[in-house]
DNA sequence: TTGTTTTTTTGCCATTTGGCAATTGACACC
DNA sequence: GGTGTCAATTGCCAAATGGCAAAAAAACAA
């Protein structure tokens, strides 16, 4: 809870009353490894702040093969923001990679905050565009690097994360096969 | 001008007065091929709506080699939104790939719209997150496809664009060398 | 613990892509 | 018409990566 508030304060000012208001709209939730926080085809009805655990945003091809777009872990928000805002179905899955705990804003709770706290939706869209820009830059950068460079960059940009996610998921995030990643890892 | 309004209307409602207000804050601008709309190290002080031409968002490595993150063309906004909002220096260049014309919002003009038009900044952040999500999805998808698939996808997703941008820029967008793209093209 | 299932590693070979250099082509300028 | 400049094509070979299958290791369940 503490962390959530500190995270928000990085992006804008909040009064004590506003903080109390936010805290009152958030509910703890646990989710098991392998379960989905949101699923393709459904409308995302909540926004989560991860207090413990790792999630991945992913999709599946016709053959059922899963591809990881990116990972999100402690002290970050996880949500399909476009689905949530416009109430349209998601295109992707948000899957718990480990057993996890979250603080969750419901759709109605979030809207109450938008109506009560001046600048709340601006603050949130600031977070959103900041995060998305980084995600986009990351995958755009990977495109022009070879597999080993991508892996090494991942290791020092997300220290420890490589040990918390299955190799196969990491491989699909890096855009290589599991075998290739295993070989690169040997070095 | 017509197109700008129609584009905005796709993302939210606007009254006649609001439309007039928007139109009064926008100024036409032309920019020559090769010139920059915004540059790394500077603070982006404007948002452009492209009425004619093609731009690319790009960066350079130490060796001076340029890499294209993505292209933007007619009837879309071009801006470094995080730099513009927070008044921090951009990390990237926005370069005119062809001679182009724009409609430009200045920082002050844009702020006046935010203060005058209820929901203006929500409407704009809706556009931003929608566009960024798509850009991110595009480069994330490319990561798991081979070069030829990426090229073919580009051709039918952006019809005609391949003929408007130099091969070398397209190659760097696709994450391959100019030679490789040239070979793929032969087929 | 034991057996079962899933994930990871490894070997082998085919294919893709990169790197480099030479050639060709387009275009502007003299 | 010649000449310089820059972009695009092509050939050659090396390096990176994929595909597939078998073996090994790890995770999980009974």
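Chains as they are written, first to last, in this note's numbering: chain A, 1 to 187; chain B, 188 to 374.
Don't be surprised by glycine CBs; every beta carbon is placed ideally from N, CA and C.
With respect to chain B, the C-beta atom of residue 13 (chain A) has no partner C-beta closer than 7 angstroms. Annotated three-state conformation of residue 76 (chain A) is coil, per DSSP.
Taking 7 angstroms as the CB threshold, residue 269 (chain B) lines the interface with chain A. It is roughly 18 angstroms from the alpha-carbon of residue 364 (chain B) to the alpha-carbon of residue 350 (chain B). At a cut-off of 7 angstroms, the C-beta of residue 336 (chain B) has no neighbouring C-beta in chain A.
When C-beta distances to chain A are compared with 8 angstroms, the residues of the region 319-347 of chain B below that value are 319, 320, 322, 323, 324, 326, 327, 329, 330, 331, in chain order. For residue 19 (chain A), the enclosing alpha helix (DSSP H) starts and ends at 16-24. Counting of Cβ neighbours within 10 angstroms places residue 83 (chain A) among the buried residues, the total reaching 16 or more. Residue range 120-143 is occupied by the alpha helix (DSSP H) that includes residue 131 (chain A). The beta carbon of residue 220 (chain B) sits closer than 6 angstroms to the beta carbons of 283, 285, 286 from its chain, once the five residues preceding and following it are set aside; these are given in chain order. Separation of the CB atoms of residue 56 (chain A) and residue 169 (chain A) is rounded to 6 angstroms, and the pair is thereby assigned contact status at 8 angstroms.
Of the residues A:4, A:21, A:38, the one whose Cα lies closest to the Cα of residue 111 (chain A) is A:21.
Straight across, the Cα-Cα distance linking residue 326 (chain B) with residue 210 (chain B) is about 34 angstroms. The beta carbons of residue 91 (chain A) and residue 40 (chain A) sit closer together than 7 angstroms. The shortest CA-to-CA distance from residue 371 (chain B) to any of B:247, B:311, B:337, B:347 is the one to B:337. In this structure the region 67-74 of chain A does not touch the region 105-120 of chain A; the number of beta carbon pairs closer than 8 angstroms is below three. Annotation for residue 48 (chain A): the continuous beta strand (DSSP E) segment containing it runs 46-52. By the CB criterion at 7 angstroms, residue 93 (chain A) and residue 158 (chain A) fall outside the cutoff. Sequence-distant Cβ neighbours of residue 194 (chain B) in its own chain, meaning closer than 7 angstroms and more than five residues away, are 262. Selection B:361, B:331, B:324, B:330 evaluated against residue 342 (chain B) yields B:361 as nearest (Cα-Cα). Around the beta carbon of residue 31 (chain A), 16 or more other beta carbons sit within 10 angstroms, so the residue counts as buried.
Put simply, of A:1, A:131, A:18 the residue whose alpha carbon is nearest the alpha carbon of residue 50 (chain A) is A:1.
Uninterrupted alpha helix (DSSP H) stretches at least 4 residues long and entirely within the region 96-121 of chain A occur at 107-116, given in chain order. In the structure shown, residue 198 (chain B) falls within a coil segment according to DSSP collapsed to helix, strand and coil. Neighbours of residue 362 (chain B) across chain A, judged by C-beta separation under 7 angstroms: 143, 144. Ranking A:5, A:181, A:14, A:134 by CA distance to the CA of residue 118 (chain A) puts A:14 first. Contact between residue 313 (chain B) and residue 198 (chain B) holds, with the beta-carbon distance rounding to 5 angstroms and staying under 8 angstroms. Relative to residue 333 (chain B), the option among B:231, B:315, B:368, B:192 whose CA is nearest is B:368.
Scanning its chain for C-beta atoms nearer than 6 angstroms, with the 5 sequence neighbours on each side dropped, one finds around residue 214 (chain B) the residues 291, in chain order. With fewer than 16 neighbouring CB atoms inside 10 Å of its own CB, residue 250 (chain B) falls in the exposed class. For residue 121 (chain A), the chain B residues whose Cβ falls inside 9 angstroms of its Cβ are 308, 309, 312, in order along the chain.
With a contact defined as Cβ atoms closer than 8 angstroms, residue 88 (chain A) and residue 43 (chain A) qualify at about 7 angstroms. For residue 338 (chain B), the uninterrupted alpha helix (DSSP H) segment begins and ends at 334-344.
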